[in-house]
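Participant: Just dropping this structure here.
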Amino acid sequence: MAGPVPQSERAPVGVDPTRASIARVYDAFLGGKDNYEIDREVFRGVQKAAPEAQDLAVENRNFLIRCCRFLALQTDIQQFLDCGSGLPTAENIHQVVQRIKPEARVVYIDNDPVVLAHGRALLEENDNTHFAAADIFQPKEILSNETVRKHIDFSEPVAFLQLGTLHHYEGPAEKPAEIMKEYIDALPSGSYVAISHFLDPENEHSAVARKMEGVFRHSPMGSGTFRTLAEIEQLFDGLEMMTPGVIRCADWYPDGPRLKPLNQVQHCIAGGVGRKP
Ligand code: SAM
């Protein structure tokens, strides 16, 4: 049980520091400071199941950076819609993208009270970067959102990002694919979609994936579904996959040759990028 909330952990108005949140737990995994004891408790629980637990978040974030760099460098896309921004961290999407294309527009969406309370101010760093508070699992709400409509032109290709989000959907197992279909249907031809997701690798590392899933689900955060490769591929239905398709994040165009074998947690997060024909 979490003890009393220390003075140094006083939460902004409207934020309950006695309940874990996805954004703050992720921040704790990444070694950030925007989290409370209840969030670190979730992290420590997953660490007990898998000592390298932080690599779930680290590999996800490194994939985010590499695939945003790829989209900015290799495509003509000028607009990025990011579902589930998370709290600001070392390299945020607008920084990665606008370093390459200063005019590129980035719209972040999140619904976490801490992200809304202070993260959005840091994320909305310039006139080409915007933030909308909305539920990413409600495509109609997102696609008609005023900020989204103002800054994302759906007659031009869009980079659409669902990174580390869909595994937190808590309803029926088939729903994330339906959610993605609705988004993909709304995107114009030439758009790109990037997704990363907790992976059940269906090999000797499955046991650790199942253990982490059990901890996440029974924790005060309450969500974290590990899907198989085939299940994650279904989220990209209707898209042409960029080679090598859906693969462990660590293996998606790594920054250099690998000298050390992957640890078991690095086998448990996958991602890919697809293009709408
Ligand atoms: N996309 C970032 C990344 O990959 O580094 C952050 C991933 S973090 C694990 C997931 C984020 O999605 C959190 O900030 C959380 O608040 C947000 N999120 C989860 N469910 C959401 C929902 N229904 N609507 C909006 N944001 C949501």
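Under numbering that gives the first Met the number 0, the first residue of the sequence shown carries the number 0, and numbering increases by one thereafter.
Note that the Cβ used here is the ideal one computed from N, Cα and C, for glycine as well.
Quick caveat, the model's predicted, so the values are computed rather than measured.
#1: Among the candidates C67, D109, D81 and H117, whose CA atom is the shortest distance from the CA of V12?
#2: Which first and last residues belong to the alpha helix (DSSP H) in which C66 is found?
#3: Take the Cβ of R98 as the centre, count every other Cβ of all protein chains shown within 10 Å, and call the residue buried at 16 or more, exposed below.
#4: Measuring from the CB of R60, is there a heavy atom of the ligand SAM at a distance below 8 Å?
#5: Closer than 8 Å to a non-hydrogen atom of the ligand SAM - does that hold for the CB of V114?
#6: Go ahead and pull the three-state DSSP assignment for H129.
#7: Could you tell me whether the Cβ atoms of F79 and V114 are closer together than 9 Å?
#8: So what does A158 bridge to, in DSSP terms?
#9: DSSP on I268, reduced to helix/strand/coil?
#10: Quick one: using the 10 Å Cβ neighbour count with 16 as the cut-off for buried, is S188 buried or exposed?
#11: Have a look at F215 and G163 and give me their C-alpha separation to the nearest angstrom.
#12: Return the first residue and the last residue of the beta strand (DSSP E) that Y107 is part of.
#13: Where I21 and F130 are concerned, what is the direct C-alpha to C-alpha distance, given to the nearest angstrom?
#14: Roughly how many angstroms lie between the CA atoms of A193 and A27, to the nearest whole one?
#15: Report the residue from F136, C82 and K149 whose alpha carbon sits nearest the alpha carbon of L170.
#16: Around the C-beta of Q265, are 16 or more other C-beta atoms found within 10 angstroms, so that it is buried, or is it exposed?
#17: Where does A19 land, buried or exposed, given buried means 16+ other C-beta within 10 angstroms?
#18: Would you kindly report the start and end of the unbroken alpha helix (DSSP H) that includes M211?
#19: Can you name the residues that DSSP bridges to E239?
#20: Between A52 and the ligand SAM, is the CB less than 8 Å from at least one heavy atom?
#21: Please report the straight-line C-alpha distance between L228 and P138, rounded to a whole angstrom.
Facilitator: The answer reads as follows:
#1: The shortest C-alpha separation from V12 is found at H117.
#2: Per DSSP, the continuous alpha helix (DSSP H) segment holding C66 begins and ends at Q53 to Q73.
#3: Classification for R98: exposed.
#4: Within the chosen limit of 8 Å, the ligand SAM reaches the beta carbon of R60 through at least one heavy atom.
#5: For V114, the CB falls within less than 8 Å of some heavy atom of the ligand SAM.
#6: Assigned with DSSP and collapsed to three states, H129 falls in strand.
#7: The answer is no: Cβ separation not under 9 Å.
#8: Residue pairing by DSSP places A158 opposite F79 and Y191 in a beta bridge.
#9: Three-state DSSP puts I268 in a strand.
#10: Classification for S188: exposed.
#11: Cα-Cα distance, rounded: 14 Å.
#12: It spans R104 to D109 - the beta strand (DSSP E) in which Y107 sits, taken as one unbroken run.
#13: Roughly 18 Å separates the two Cα atoms.
#14: Here the alpha carbon of A193 sits roughly 24 Å from the alpha carbon of A27.
#15: The sequence given here has Gly at residue 170, not Leu. Looking at the Cα atoms, F136 is the closest of the given residues.
#16: Residue environment: Q265 is assigned as buried (16 or more neighbouring CB atoms within 10 Å of its CB, all protein chains considered).
#17: The residue in question, A19, is buried, as its Cβ has 16 or more Cβ neighbours within 10 Å.
#18: Element bounds for M211: S205 to H217.
#19: When beta bridges are read from the DSSP output, E239 appears opposite R274.
#20: Not so, every heavy atom of the ligand SAM lies at least 8 Å from the Cβ.
#21: The straight-line gap from Cα to Cα measures roughly 24 Å.
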